[in-house]
Each structure stands twice: as C-alpha cells, then as structure tokens.
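The numbers in the numbering used here rise by one with no breaks, and the one at position 173 of the sequence shown is 283.
We put the CB at the ideal spot given by N, CA and C, even for glycine.
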Amino acid sequence: MGTFLRSGPVSWPNPNASWKQFAPLTDGQMQVSSARNVAMTPPRCPTTEAPGPYFQKEFFHNGYIKSLKQLVHFYNTRDKPGFAFNVTSGHCPDGTIEKVNCWPMPEVPNNIDMTTGNLGLTDQEENQIVAFLQTLSDGFTRPYPFRDTFTGACMSGGSASTQGNEFLIPTPPLPPCAPEICGVAPRPSPNPIP
Numbered sequence: 111m112g113t114f115l116r117s118g119p120v121s122w123p124n125p126n127a128s129w130k131q132f133a134p135l136t137d138g139q140m141q142v143s144s145a146r147n148v149a150m151t152p153p154r155c156p157t158t159e160a161p162g163p164y165f166q167k168e169f170f171h172n173g174y175i176k177s178l179k180q181l182v183h184f185y186n187t188r189d190k191p192g193f194a195f196n197v198t199s200g201h202c203p204d205g206t207i208e209k210v211n212c213w214p215m216p217e218v219p220n221n222i223d224m225t226t227g228n229l230g231l232t233d234q235e236e237n238q239i240v241a242f243l244q245t246l247s248d249g250f251t252r253p254y255p256f257r258d259t260f261t262g263a264c265m266s267g268g269s270a271s272t273q274g275n276e277f278l279i280p281t282p283p284l285p286p287c288a289p290e291i292c293g294v295a296p297r298p299s300p301n302p303i304p
C-alpha cells in the first residue's frame with residue numbers, strides 16, 4: 111500500500127498526491143481476503159496439507175504459505191525464540207527447517223502485528239484451529255457452477271514434517287531496505303494494535 115501511495119515502481123499511479131504523506135504508515139500493509147471458503151479444494155485434490163496429492167493453495171500476499179497448517183504454525187511460532195532468522199527464504203541455517211522451526215525475516219518490518227507470533231499453542235491446538243478454519247467453507251459456488259471441473263494437476267510429494275518445503279525456490283539476498291520505508295514510524299512493538 112505504501113508503494114501505491116508513493117506511486118513507486120510496479121505501482122498504479124496515485125490519483126491524489128496529498129496521500130504520499132501517509133505512505134510510511136502503510137508500508138508492508140496488504141489487502142487480504144476473508145477466511146470464507148479458505149479450505150475449499152477441487153474434488154480430485156481433497157486437501158491443502160502436505161503430504162500430497164494436494165491442491166496447492168497459496169496464502170499471504172506473496173503465496174509464501176502453502177497450507178492452513180503452515181499458516182497457523184506461522185502465527186504460533188514466528189516470534190518464538192530461536193525460530194526467527196535474519197535470512198531470506200531458502201537460506202535457513204543448517205539444522206533448521208524453513209516453515210517448521212525457521213522463519214525468514216519479513217520483507218518490510220514496519221507494521222508487523224506483534225500480538226501474534228508466539229502464541230504457545232501445542233501441535234494439537236494448531237490442528238484444532240485448522241479444523242475450525244475448514245468449517246468456514248459453505249459450498250456456495252454461484253456464479254461458478256462448474257467449480258468441480260478441475261483441469262489442473264494435483265501436486266504430490268512432500269511430508270508433514272517439512273510441510274512441502276521440497277518445493278521452495280530460494281530468494282536471493284535482499285538489498286538494504288530504503289530509509290524512506292524502513293525505520294519510519296510506526297515500528298512494530300509488543301503492544302496490541304489499538
């Protein structure tokens with residue numbers, strides 16, 4: 111959103127130049143979809159969870175998270191001591207597994223909600239949240255009456271312990287964050303967002 115307000119690269123032109131002043135407040139913010147039908151998958155690929163065959167859903171603004179279990183595990187362990195590393199995707203230290211006990215650094219550190227990230231949930235409690243999210247699918251398909259006509263292919267492979275990390279594409283090292291984006295208020299804090 112901050113890029114849009116600045117009319118930055120790969121951004122639609124900002125229709126109102128006076129909005130530029132609000133760019134630092136919105137860096138790292140994205141429009142996200144609701145949790146409705148979040149577990150809906152084609153009948154031929156009945157699950158979004160590794161191991162496969164499974165339908166490869168993508169979550170977050172960049173598709174980094176590939177399953178509901180990964181999504182819940184991220185919010186449960188992102189800030190847990192020993193789980194956050196100053197690396198990009200695909201470069202976790204030896205002895206760690208990305209998306210299991212290694213989370214790469216955020217693309218933009220501003221606006222991180224610090225009320226989640228170290229929830230202390232057990233694996234069973236994570237699975238219970240996944241089961242709850244799966245209940246949010248209502249089956250309503252209009253105006254898509256042919257949603258069951260799936261012409262793609264189910265992914266297969268991976269394992270529950272690695273959450274499909276066999277398919278990771280390493281990210282090259284990121285350039286230093288521009289000063290007009292990083293280090294500008296608001297900065298993440300451990301206090302709840304009002």
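Nearest candidate by alpha-carbon position, reference Asn172, set Val218, Pro153, Thr157, Thr187: Val218
Rounded to whole angstroms, what is the Cα-Cα separation between Ile207 and Asn126? 45 Å
Spatial neighbours of Gly112 within its chain, please: CB distance less than 6 Å, with the 5 preceding and 5 following residues excluded, ordered by chain position. So the list reads Ala133, Thr136, Asp137, once near-sequence residues are dropped.
What are the boundary residues of the alpha helix (DSSP H) that includes Ala326? Outside the displayed span of the chain (111 to 304) sits residue 326, for which this structure offers no information.
What residue does the alpha helix (DSSP H) around Ala133 start on, and which one ends it? Run containing Ala133: 133-136, per the alpha helix (DSSP H) assignment.
State buried or exposed for Leu178, treating a residue as buried only when at least 16 other CB atoms are found within 10 Å of its CB. buried
So Asn186 is in the alpha helix (DSSP H); what residue range does that whole segment cover? Annotation for Asn186: the continuous alpha helix (DSSP H) segment containing it runs 178-187.
Hey, would you say Val197 sits closer than 7 Å to Pro214, going by beta carbons? Yes, Cβ-Cβ distance for Val197 and Pro214 is below 7 Å.
Quickly, what does DSSP pair Ile175 with across the bridge? List them, please. Phe169
Once DSSP output is grouped into helix, strand and coil, what is the label at Pro286? coil
Looking at the structure shown, is Ala263 part of a helix, part of a strand, or coil, going by DSSP? coil
Helix, strand or coil at Ala194 according to DSSP, with G and I counted as helix: strand
Am I right that Met243 and Ala145 are in contact with their C-beta atoms under 8 Å? What's the rounded C-beta distance? Note that residue 243 is Leu in the sequence shown, not Met. With a Cβ gap of about 6 Å, Leu243 and Ala145 count as contacting.
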